[in-house]
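Only one structure is covered here, and it is reproduced in the block below.
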Amino acid sequence: AVHLQHLAEVLGVAQHHDGISGTSKQAVAYDYAQRLADGVNAGQNVINDAFHKLLPKAGTPAPIQGLCTYLNISICNYTETTSSFEVTFYNPLGRPVLFVARLPVAGSDYIVYASDGVTPVPNDIHPISQDTFRIPTPEPRAAKNELVFSVNIPAAGFVTYFGKQLSDGSSLKFKPESPKVSA
Amino acid sequence: KAGNTISGKYYSVTFDNNGNLQSITNLTSGLTVPITQNFLYYKGFPGNSTDGQASGAYIFRPDGNTPIQIPLTTWGGIYAGSVVQEAYQQFSSWASQVVRVYADKPYVEVQWTIGPIPIDDNVGKEVVTRYNIPNFGNNGVFNTDANGREILQRQLNYRPTWNLQQTEPVAGNYFPVNAGIGITSGDAKTLFSVLVDRSEGGTSLNDGDVELMLHRRLVKDDGRGVGEALNELGSDGNGLIVRGSHYLLLDSLSSAARVYRTVAQEVLLTPQVIFSNSNTNSAQYV
């Protein structure tokens, strides 16, 4: 509740039109960004608490879940730097949704398993576009490609899909993402 | 992939030999329209001795009513898979996009990336994209949503509740677009809609136009209280780079709402994506 309250409060502050539309001074814009980053980090604790209750069998801790806040510019340490990963999708709508996942990867050959863990689903590998490469990044990119596949998510529910690299994985090294706080 | 067409179950998009958008086909209804898309920018009005109101954070006020085109410079080609087919376009060193058609999604996705907008010439710039369907016949009428709720009809140089004396031919016809903007053909048979993933400004200044404001970077304060020009910088000290998506839908008027409402829901409440590395195989994990 404390973490959720923190996120709720910073979102409340950011509802001011200055927090949305650019009508603040630069220093204030940085402050909004910092508050929101702190709030999102607090919210991630809530996500992990929820998955600890939902995911594991009795006595088995759930793996730590992490967000990829740079996914829109094709950066995600979980998928770029490991040869296998789990991706969980939560659908807030009250009807099933077909969602297309797009994840940055270092390799060029992957298999994706549906939520039963054994059924392969079709996937594409596309190069990361040049317009993405021109965006400055906080750390060097490991990904050259994007893994694209369709996900069937139930109404107001979640599914976990599984990605596994089939080749080129020897040099991958996973580093957990550090919390993002703007300077 | 060779050729100039990307297609899925619901849509097909064709580009000309230079890589410019040429036509869109709804494969369910069989509707095809020729379409162009341009990236342009308005110069921000800086104010002068007789008219001090500059374009800024609160005020959109272009210097002149004709925007400057940013021509396509690089056609990046088409990449086709079983899930998505996509085409890459570069318009300048600071404007580019990817057009995508998915195998199983009922829209055309246009993911644009704009910035940092250059201002080393000391001219503020307000960047728009303009889709145009020739001879569409919407007669200056278009629809925008009101904060994601009601779809309202807009008409050029007109307000329904007072006699408008229009002094800003461009900015005075811009309206908020929070979920989407659409135009209906003159024969009332076809609706062309553009859904957005973030709030933008939008209008339809010419017949068949859907114009959306994507990014702004200005050099003058508009004097409305901020005290700074709208010149937001990223952590690297350069102007911001902004990325967003448009979702294009072309359908018969009778069935369009069924599609654009469900797509709009999925854009607003998009699934949350969360990752883990458990170092177990998938069957054990399940």
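The listed protein sequences correspond, in order, to chains B and S. Be aware that the first sequence starts at 29, since it is given in my numbering, and climbs by one per residue. Be aware that the second sequence starts at 1247, since it is given in my numbering, and climbs by one per residue. Don't be surprised by glycine CBs; every beta carbon is placed ideally from N, CA and C. Small disclaimer: the values here were computed from a predicted structure and weren't measured.
Beta-carbon contacts of residue i that lie in its chain and below 7 Å, excluding the five residues immediately before and after
| i | result |
| --- | --- |
| S/Gly-1361 | Trp-1340, His-1461, Gly-1485, Leu-1486, Ile-1487, Val-1488 |
| B/Gly-40 | none |
| S/Leu-1437 | Gly-1428, Thr-1430, Asp-1497, Leu-1499, Ala-1502 |
| S/Tyr-1404 | Leu-1410 |
| S/Ser-1524 | Tyr-1531 |
| S/Glu-1457 | Val-1374, Arg-1376, Gly-1448, Thr-1449, Ser-1450, Leu-1451 |
| B/Asn-73 | His-31 |
| B/Gly-197 | Confidence in B/Gly-197 is poor, its pLDDT being 49 and thus under 50, which makes the residue's placement unreliable; the coordinate value appears in the next sentence. Answer for B/Gly-197: Ser-111, Gly-135, listed in chain order. |
| B/Val-38 | Arg-63, Leu-64, Asp-66, Gly-67 |
Cβ shell of residue i (< 8 Å), same chain only, five flanking positions each side left out
| i | result |
| --- | --- |
| B/Phe-186 | Leu-82, Thr-116, Phe-117, Tyr-118, Asn-119 |
| S/Gly-1432 | Phe-1382, Gly-1383, Asn-1384, Asn-1385 |
| S/Ala-1425 | Asp-1391, Gly-1394, Leu-1441, Val-1442, Ala-1510, Val-1513, Leu-1514 |
| B/His-45 | Thr-51 |
| S/Gln-1530 | none |
| B/Leu-121 | Ala-183, Ala-184 |
| B/Pro-155 | Lys-172, Asn-173, Glu-174 |
| S/Ser-1269 | Val-1259, Thr-1260, Thr-1278, Val-1279, Pro-1280, Ile-1281 |
| S/Ile-1363 | Tyr-1287, Trp-1340, Lys-1371, Val-1373, His-1461, Arg-1462, Arg-1463, Gly-1485 |
Cross-strand partners of residue i (DSSP beta bridge)
| i | result |
| --- | --- |
| S/Lys-1371 | S/Lys-1289, S/Arg-1463 |
| B/Leu-175 | B/Leu-131, B/Ile-153 |
| S/Tyr-1257 | S/Asn-1272 |
| S/Asn-1284 | S/Arg-1376 |
| S/Thr-1390 | S/Leu-1398, S/Ile-1427 |
| S/Thr-1359 | S/Ser-1342, S/Arg-1489 |
| S/Tyr-1316 | Sequence check: residue 1316 of chain S is Ile here, not Tyr. Answer is S/Phe-1285, bridged to S/Ile-1316. |
| S/Asp-1455 | S/Asn-1378 |
| S/Asp-1497 | S/Leu-1437 |
| S/Val-1354 | S/Val-1347, S/Leu-1494 |
| S/Ser-1295 | None, per the DSSP bridge assignment. |
| S/Phe-1521 | B/Gly-94, B/Val-115 |
Candidates the options: closest to residue i by CA position
| i | options | result |
| --- | --- | --- |
| S/Gln-1315 | S/Val-1472, S/Arg-1376, S/Asn-1384, S/Gly-1418 | S/Arg-1376 |
| S/Gly-1276 | S/Lys-1289, S/Asp-1262, S/Ser-1258 | S/Ser-1258 |
| B/Arg-123 | S/Thr-1526, S/Asn-1527, S/Phe-1291, S/Thr-1508 | S/Thr-1508 |
| B/Val-30 | B/Asp-59, B/Gly-50, B/Ala-70 | B/Ala-70 |
| S/Gly-1323 | S/Asp-1309, S/Val-1345, S/Asp-1497, S/Thr-1430 | S/Val-1345 |
| S/Val-1480 | B/Pro-164, B/Thr-188, B/Ala-170 | As written in the sequence, residue 1480 of chain S is Gly, which differs from the Val given in the question. The candidate whose alpha carbon is nearest that of S/Gly-1480 is B/Pro-164. |
| S/Ala-1300 | S/Gly-1428, S/Ser-1491, S/Tyr-1287, S/Leu-1476 | S/Leu-1476 |
| B/Phe-190 | B/Val-38, B/Leu-99, B/Asn-151 | B/Asn-151 |
| S/Met-1459 | S/Trp-1408, S/Tyr-1287, S/Tyr-1304, S/Ala-1333 | S/Tyr-1287 |
| S/Ser-1253 | S/Leu-1273, S/Ile-1379, S/Pro-1364, S/Ile-1281 | S/Leu-1273 |
| S/Asp-1453 | S/Thr-1282, S/Ile-1270, S/Ser-1445 | S/Thr-1282 |
| B/Ile-181 | B/Gln-158, B/Lys-192, B/His-154, B/Val-128 | B/Val-128 |
| B/Val-125 | B/Phe-113, B/Glu-114, B/Ala-170, B/Val-179 | B/Val-179 |
| B/Phe-161 | S/Thr-1359, S/Gly-1302, S/Asp-1367, S/Ser-1439 | S/Thr-1359 |
| B/Thr-188 | B/Glu-108, B/Gln-43, B/Val-146, B/Ile-153 | B/Val-146 |
| S/Val-1354 | S/Thr-1413, S/Leu-1267, S/Asn-1284 | S/Leu-1267 |
| S/Gly-1246 | S/Gly-1302, S/Arg-1307, S/Ser-1528 | Outside the displayed range of chain S (1247 to 1532) lies residue 1246 of chain S, so it cannot be described from this structure. |
Neighbourhood of residue i by C-beta, 6 Å cutoff - its chain only, sequence neighbours within 5 removed
| i | result |
| --- | --- |
| S/Asp-1336 | Residue identity differs from the one stated: residue 1336 of chain S is Gln in this sequence, not Asp. Excluding sequence neighbours, S/Gln-1336 sits near Thr-1319, Thr-1320, Ser-1342. |
| B/Val-149 | Val-140, Ala-142, Phe-177 |
| S/Thr-1526 | none |
| S/Val-1369 | Lys-1289 |
| S/Val-1387 | Gln-1401 |
| S/Glu-1332 | Tyr-1325, Val-1344, Arg-1346 |
| B/Ser-195 | Asp-137 |
| S/Tyr-1304 | Asp-1468, Arg-1470 |
| S/Asp-1309 | Lys-1289, Phe-1291 |
| S/Asn-1378 | Thr-1282, Gly-1454, Asp-1455 |
Cβ separation of residue i and residue j, assumed to be a contact under 8 Å, to the nearest whole Å
| i | j | result |
| --- | --- | --- |
| B/Ala-57 | S/Glu-1478 | 6 Å |
| S/Lys-1255 | S/Asp-1350 | 6 Å |
| S/Val-1505 | S/Leu-1494 | Not quite, the Cβ-Cβ distance comes to about 11 Å (not below 8 Å), so this is no contact. |
| B/Asp-144 | S/Val-1329 | B/Asp-144 to S/Val-1329, Cβ: 19 Å. No contact. |
| S/Pro-1313 | S/Val-1374 | 6 Å |
| S/Gly-1447 | S/Pro-1422 | 7 Å |
| B/Phe-79 | B/Ala-65 | That belief does not hold up - the Cβ atoms of B/Phe-79 and B/Ala-65 are roughly 21 Å apart, past 8 Å. |
| S/Ser-1439 | S/Val-1356 | About 13 Å; that fails the 8 Å criterion. |
Proximity test, residue i beta-carbon vs the ligand ZN heavy atom, cut-off 8 Å
| i | result |
| --- | --- |
| B/Asn-100 | Annotation note on the ligand ZN: not contained in the displayed structure, which lists no ligands. |
- Pair every Cβ in the stretch 91–110 of chain B with every Cβ in the stretch 1514–1527 of chain S, then say whether three or more of these pairs are closer than 8 Å. These segments touch.
- Task: Please determine if the stretch 1465–1477 of chain S and the stretch 1395–1406 of chain S are in contact, where contact requires at least 3 C-beta pairs separated by less than 8 Å.
- Result: no
- Message: Quick test of the definition: if touching needs 3 or more C-beta pairs under 8 Å, does the stretch 122–138 of chain B touch the stretch 172–182 of chain B?
- Response: yes
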